[in-house]
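Below is one structure, written out as structure tokens; the observations come after it.
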Amino acid sequence: MSETATLQRPASLAGDALAMTARSIRLSLRNIDGLITALFLPVMLMLLFVYLFGGAIETGTEYVTYVVPGVIVLCAGFGSSLTAVAVTNDMTGGIMDRFRSMDVSGAAVLGGHVVASVARNLMSTVLVILVGFLIGFRPQADAPDVLAAVSVLVLFVVAFSWVAAAVGVLARSPEAAGGFTFFIMFLPYPSSAFVPIDTMPSWIHGFAEHQPMTPVIESMRGLLLGTPVGDSAWLAIAWCAGILAVALAAASVLFRRRIT
Amino acid sequence: MPDQPAIEAVGLEKSFGAVRVLDGVDLRVARGSVFSLLGPNGAGKTTTVRILSTLLPPTAGTARVAGFDIRRQRAEVRRGISVTGQDTAVDELQTGAENLRMMARLHGLRGSAARARAGALLERFDLTEAGDRRVRTYSGGMRRRLDLAASLITQPAVIFLDEPTTGLDPRSRQQVWEVVNELVRNGVTIFLTTQYLEEADRLADQIAVVDGGRIVAQGHAAQLKQQVAGHRLDLVAPDPAAYEGLVHRLGPRATQPAPERLAVSVATDGSANHVRALLDELDPEHRAVARFTVHSATLDDVFLALTGHATTQSQKETAGV
Ligand SMILES: Nc1ncnc2c1ncn2[C@@H]1O[C@H](COP(=O)(O)OP(=O)(O)O)[C@@H](O)[C@H]1O
Ligand SMILES: [Mg+2]
Numbered sequence: 011m012s013e014t015a016t017l018q019r020p021a022s023l024a025g026d027a028l029a030m031t032a033r034s035i036r037l038s039l040r041n042i043d044g045l046i047t048a049l050f051l052p053v054m055l056m057l058l059f060v061y062l063f064g065g066a067i068e069t070g071t072e073y074v075t076y077v078v079p080g081v082i083v084l085c086a087g088f089g090s091s092l093t094a095v096a097v098t099n100d101m102t103g104g105i106m107d108r109f110r111s112m113d114v115s116g117a118a119v120l121g122g123h124v125v126a127s128v129a130r131n132l133m134s135t136v137l138v139i140l141v142g143f144l145i146g147f148r149p150q151a152d153a154p155d156v157l158a159a160v161s162v163l164v165l166f167v168v169a170f171s172w173v174a175a176a177v178g179v180l181a182r183s184p185e186a187a188g189g190f191t192f193f194i195m196f197l198p199y200p201s202s203a204f205v206p207i208d209t210m211p212s213w214i215h216g217f218a219e220h221q222p223m224t225p226v227i228e229s230m231r232g233l234l235l236g237t238p239v240g241d242s243a244w245l246a247i248a249w250c251a252g253i254l255a256v257a258l259a260a261a262s263v264l265f266r267r268r269i270t
Numbered sequence: 018m019p020d021q022p023a024i025e026a027v028g029l030e031k032s033f034g035a036v037r038v039l040d041g042v043d044l045r046v047a048r049g050s051v052f053s054l055l056g057p058n059g060a061g062k063t064t065t066v067r068i069l070s071t072l073l074p075p076t077a078g079t080a081r082v083a084g085f086d087i088r089r090q091r092a093e094v095r096r097g098i099s100v101t102g103q104d105t106a107v108d109e110l111q112t113g114a115e116n117l118r119m120m121a122r123l124h125g126l127r128g129s130a131a132r133a134r135a136g137a138l139l140e141r142f143d144l145t146e147a148g149d150r151r152v153r154t155y156s157g158g159m160r161r162r163l164d165l166a167a168s169l170i171t172q173p174a175v176i177f178l179d180e181p182t183t184g185l186d187p188r189s190r191q192q193v194w195e196v197v198n199e200l201v202r203n204g205v206t207i208f209l210t211t212q213y214l215e216e217a218d219r220l221a222d223q224i225a226v227v228d229g230g231r232i233v234a235q236g237h238a239a240q241l242k243q244q245v246a247g248h249r250l251d252l253v254a255p256d257p258a259a260y261e262g263l264v265h266r267l268g269p270r271a272t273q274p275a276p277e278r279l280a281v282s283v284a285t286d287g288s289a290n291h292v293r294a295l296l297d298e299l300d301p302e303h304r305a306v307a308r309f310t311v312h313s314a315t316l317d318d319v320f321l322a323l324t325g326h327a328t329t330q331s332q333k334e335t336a337g338v
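Same order as they appear, the protein sequences are chains U and E.
For the working numbering, count along the first sequence from 1 and bump the result up by 10.
For the working numbering, count along the second sequence from 1 and bump the result up by 17.
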């Protein structure tokens, strides 16, 4: 019993979060099917849009340059589905009980999945940009613009990953968790992601102009192409911060409700 | 302090909505002993374990575990216990060694210390060879052993094991039993749940039989077995008249009467002397018993004796591994 005394579990949120992040990233890398989908589907979609539809779409620039920010945002949809499923697996299996019995906080477990989600998204973003370059994507941005675009993207991915985590806590089965996040994948379509909004039927303009995807995409597009950003950057930040706050609160309330 | 019990629960109740799952559970577990909660599926075993290990708040009642209150001193309780739940709590996509290293890190061990601890546990649970394989490829028994190992990074004062051997083959079951015995030798208190009378009998100092959220009997294994006997004598009569005679002579001792088969049962300790005495008493003219068989008592018999009702069919199916 002497070793017991020397091995008191230290109450370290940072240490736990680190261990949980390492775990989630390892689980992500081992989930080959999910990883391939998350990494390559966005690239496939980009090729599809550019070569199949791009010829018919008038955007004022090279279509690939127009569509890259939209595809990057679309990636977040696939990524969030994986996140929700991973969280649901933890909630419905025995492992959450074990973590809780060790006093590892739910925030550390969910946070680990969110960090892994951000990492997956950045990987798929890099891949989209690389392939984009090969097929003619030519951004006109200096370093501060790129940094600003990356910041908007990270904030966006963090916010939607927490939405996915909250959905994962709520869902009773991995299938339900995957299904719930379908709407996140759908949201970029009625926005300026793939076609300019003014080419859409007028009844949808109101929604398309005032949903979160549009300012996120518009600000990234503006920053990357060196065109005026207007107030879309601030709108994007406000949307993402608001969604993040709501998702965090929902995740924490749902988590507490789920464990009693 | 030393004579303070490791676990003491008073009047634990738990309801999910309108459904009452625990209905006033009182328990007392001495330090360094093995306590077994024995009951069929749905009796409330997992709920009890989750409440005592602070994972679920009770609707009413109090409990102290490892010296601390499960409601007001959750963190202190958690520092003194480990829980191996009914569902295995290891990552399928990590290897056995990775799972254990992760747990070691969560216990504050760094780098080589975590590695060493994981290695030692793999060795102790006979998993060294499988250590670098993903858990997904493990058999049920290996998974269970890894799960146990993961709860023993540090040696806690009280260990909860929720149905640690359900669904395991006899060899794996034996291995789990050996681990339990070894832990007890080190002075750990063990609270384990099971559906198997035999398991409670083999391992536990004290057994509580739980049914429908209530403790229906509690005592040493020997005391309980006196109540339920160890065996059952099944009698078959040659004709309805003889059957009636048997049932009449048995009176309240008769269990599981089946007039359509002319069969009736009675508890016995299983010894030749007792069986012979019973047969002589019930059938002095050697005409009323056509055939007889002796079985060791099943969980059903215990339940019948203690609760007056059998476990339901679905429960039997799950328990009948
Ligand atoms: N979260 C829950 N919500 C509603 N009912 C539950 C919940 N958890 C357990 N129960 C019910 O409580 C009863 C006891 O369950 P449990 O403690 O798991 O029994 P055991 O472990 O002995 O099989 C069962 O009837 C089960 O359906
Ligand atoms: Mg159970």
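We treat Cβ as the ideally placed atom computed from N, Cα and C, and that holds for glycine.
Pairwise C-alpha distance: residue j and residue i
i	j	result
Pro57 (chain E)	Leu73 (chain E)	21 Å
Gly84 (chain E)	Ile68 (chain E)	15 Å
Thr101 (chain E)	Asp149 (chain E)	22 Å
Ser34 (chain U)	Gly178 (chain U)	14 Å
Pro211 (chain U)	Thr47 (chain U)	32 Å
Val83 (chain U)	Thr102 (chain U)	29 Å
Ser134 (chain U)	Phe147 (chain U)	16 Å
Pro22 (chain E)	Gly204 (chain E)	13 Å
Thr272 (chain E)	Gly121 (chain U)	58 Å
Ser194 (chain E)	Leu220 (chain E)	One detail in the question is off: residue 194 (chain E) reads as Trp in this sequence, not Ser. Rounded to the nearest angstrom, the two C-alpha atoms are 7 Å apart.
Gly59 (chain E)	Ser282 (chain E)	27 Å
Leu323 (chain E)	Leu139 (chain E)	42 Å
Ala118 (chain U)	Asp26 (chain U)	6 Å
Leu110 (chain E)	Asp143 (chain E)	20 Å
Ala217 (chain E)	Leu54 (chain E)	8 Å
Phe166 (chain U)	Thr209 (chain U)	26 Å
Ser183 (chain U)	Glu180 (chain E)	24 Å
Ile253 (chain U)	Leu245 (chain U)	12 Å
Gly41 (chain E)	Asp300 (chain E)	45 Å
Delimiting residues of the alpha helix (DSSP H) encompassing residue i
i	result
Pro52 (chain U)	Ile42 to Leu58
Thr135 (chain U)	Gly116 to Leu144
Ser262 (chain U)	Ser242 to Arg268
Phe109 (chain U)	Ile105 to Ser111
Arg278 (chain E)	Taken as a continuous stretch (DSSP letters only), Arg278 (chain E) belongs to no alpha helix (DSSP H), as it is neither H nor E.
Gly102 (chain E)	First-last for Gly102 (chain E): undefined, no H or E at that position.
Ser91 (chain U)	Tyr73 to Thr102
Phe177 (chain E)	Here Phe177 (chain E) belongs to no alpha helix (DSSP H); instead the beta strand (DSSP E) covers Val175 to Asp179.
Ser189 (chain E)	Pro187 to Arg202
C-beta atoms of residue i and residue j nearer than 9 Å
i	j	result
Met56 (chain U)	Val138 (chain U)	yes
Arg161 (chain E)	Thr105 (chain E)	yes
Thr191 (chain U)	Ala174 (chain U)	yes
Ile176 (chain E)	Ile87 (chain E)	no
Ala96 (chain U)	Leu51 (chain U)	no
Gly157 (chain E)	Leu117 (chain E)	no
Asp107 (chain U)	Arg96 (chain E)	no
Thr206 (chain E)	Val66 (chain E)	no
Ala218 (chain U)	Ser242 (chain U)	no
Tyr213 (chain E)	Thr171 (chain E)	no
Helix, strand or coil at residue i [DSSP, three-state]
i	result
Thr329 (chain E)	A caution first: Thr329 (chain E) carries a pLDDT of 47, below 50, which makes its placement in the model unreliable, though a value can still be read off. Three-state DSSP puts Thr329 (chain E) in coil, outside helix and strand.
Arg266 (chain E)	helix
Thr335 (chain E)	Because the pLDDT of Thr335 (chain E) is 41, which lies under 50, any placement of that residue in the model is unreliable, and the number read from its coordinates should be weighed accordingly. Helix, per DSSP.
Gly125 (chain E)	coil
Gln150 (chain U)	coil
Asn28 (chain E)	With the sequence shown as reference, residue 28 (chain E) is identified as Gly, and Asn is not the correct amino acid for it. Strand, per DSSP.
Asp222 (chain E)	coil
Arg161 (chain E)	helix
His220 (chain U)	coil
Val205 (chain U)	coil
Ile67 (chain U)	coil
Ile214 (chain U)	helix
Ser168 (chain E)	coil
Val306 (chain E)	coil
N- and C-terminal bounds of the beta strand (DSSP E) containing residue i
i	result
Gly232 (chain U)	Segment Met223 to Leu235 is the alpha helix (DSSP H) holding Gly232 (chain U); no beta strand (DSSP E) there.
Ala77 (chain E)	Ala77 to Val82
Arg249 (chain E)	His248 to Val253
Asp43 (chain E)	Val36 to Val46
Ala23 (chain E)	Taken as a continuous stretch (DSSP letters only), Ala23 (chain E) belongs to no beta strand (DSSP E), as it is neither H nor E.
Ile207 (chain E)	Thr206 to Thr211
In chain order, what residues have a CB nearer than 6 Å to some heavy atom of ligand 1? Of all residues, those with a beta-carbon under 6 Å from at least one heavy atom of ligand 1 are E:Phe33, E:Val36, E:Val38, E:Gly56, E:Asn58, E:Gly59, E:Ala60, E:Gly61, E:Lys62, E:Thr63 and E:Thr64, reported in chain order.
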